[in-house]
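Take a look at the structure below.
Residue numbers (the working numbering): 1 to 192.
Right under this line is the structure:
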């Protein structure tokens, strides 16, 4: 081999290199969910049912079940929001739902945020969380509880911490999915 073959390869100076293509801007708007959004919301949720432990549901939710849950949230005046692309595609959604059925719990809710698989890692979860908290305060909600899987949901736990949720407990081995035991991390945020 020639000595010059051992030399590091030269590269073009920066001013002669072709400009890198700018990354496309991730655009969306957040609005209240509407009944016609439910098939798309169902598709996002059922992706997580089939492929992850972030939900302990093992069977896909039906459109009838989702409509019933959506109607109850609407009747109670609880926020249920979607992030929509400029083309009208539902990218993700978030909502709060009664924590327990007893009347004394009426100011306490559990939150849920789900993103379409192509929408993760782009800040959309944070935007939905911020809007959900704002709308929850406006709805008179005082406490938000997060119930998060203790395996594979580190990003969700960190995001909740970043929004001021406090760790209030851990329940180990309370769910069984994909042939393994799972626990939950409980977190709470006061909106007072």
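Using N, Cα and C, we set each Cβ at its ideal position, and we do this for glycine too. All figures in this text were calculated on a predicted structure; none of them were measured in a lab.
C-beta atoms of residue 191 and residue 133 nearer than 9 Å | The sequence position of residue 191 within the chain shown is 191, counting from 1. The sequence position of residue 133 within the chain shown is 133, counting from 1. Contact flag set, yes.
Whole beta strand (DSSP E) runs in the segment 75-158 with 3 or more residues, listed along the chain?
-> With a minimum length of 3 residues, the continuous beta strand (DSSP E) runs that stay inside the segment 75-158 are 80-84, 90-98, 108-115 and 143-149.
Do the segment 124-133 and the segment 59-70 make contact, defined as three or more Cβ pairs closer than 8 Å?
-> Counting Cβ pairs under 8 Å, fewer than three are found: no touch.
Check residue 32 in the structure and name its three-state DSSP category.
-> On the chain shown, position 32 is the one that residue 32 refers to. Residue 32 falls in the strand class under three-state DSSP.
Reduced DSSP secondary structure (H/G/I, E/B, other) of residue 37 | Position 37 of the chain shown, counted from the start, is the residue given in the question as residue 37. Helix, per DSSP.
Return the CA-CA distance between residue 18 and residue 10, expressed in angstroms with no decimal places.
-> Locating residue 18 in the chain shown gives position 18, where the first residue counts as 1. Locating residue 10 in the chain shown gives position 10, where the first residue counts as 1. Note on geometry: alpha-carbon atoms of residue 18 and residue 10 lie some 16 Å from one another.
For residue 135, which residues of its own chain have a beta-carbon under 6 Å away from its beta-carbon, when the five flanking residues on both sides are left out?
-> As a working note, residue 135 is residue 135 in the chain shown. Here the set comprises 79.
Got a sec, what are the start and stop residues for the beta strand (DSSP E) residue 25 sits in?
-> Position 25 of the chain shown holds residue 25. Residue 25 -> no beta strand (DSSP E), and no H or E assigned at all.
So residue 56 is in the beta strand (DSSP E); what residue range does that whole segment cover?
-> On the chain shown, position 56 is the one that residue 56 refers to. From DSSP, residue 56 is part of no beta strand (DSSP E); its letter is neither H nor E.
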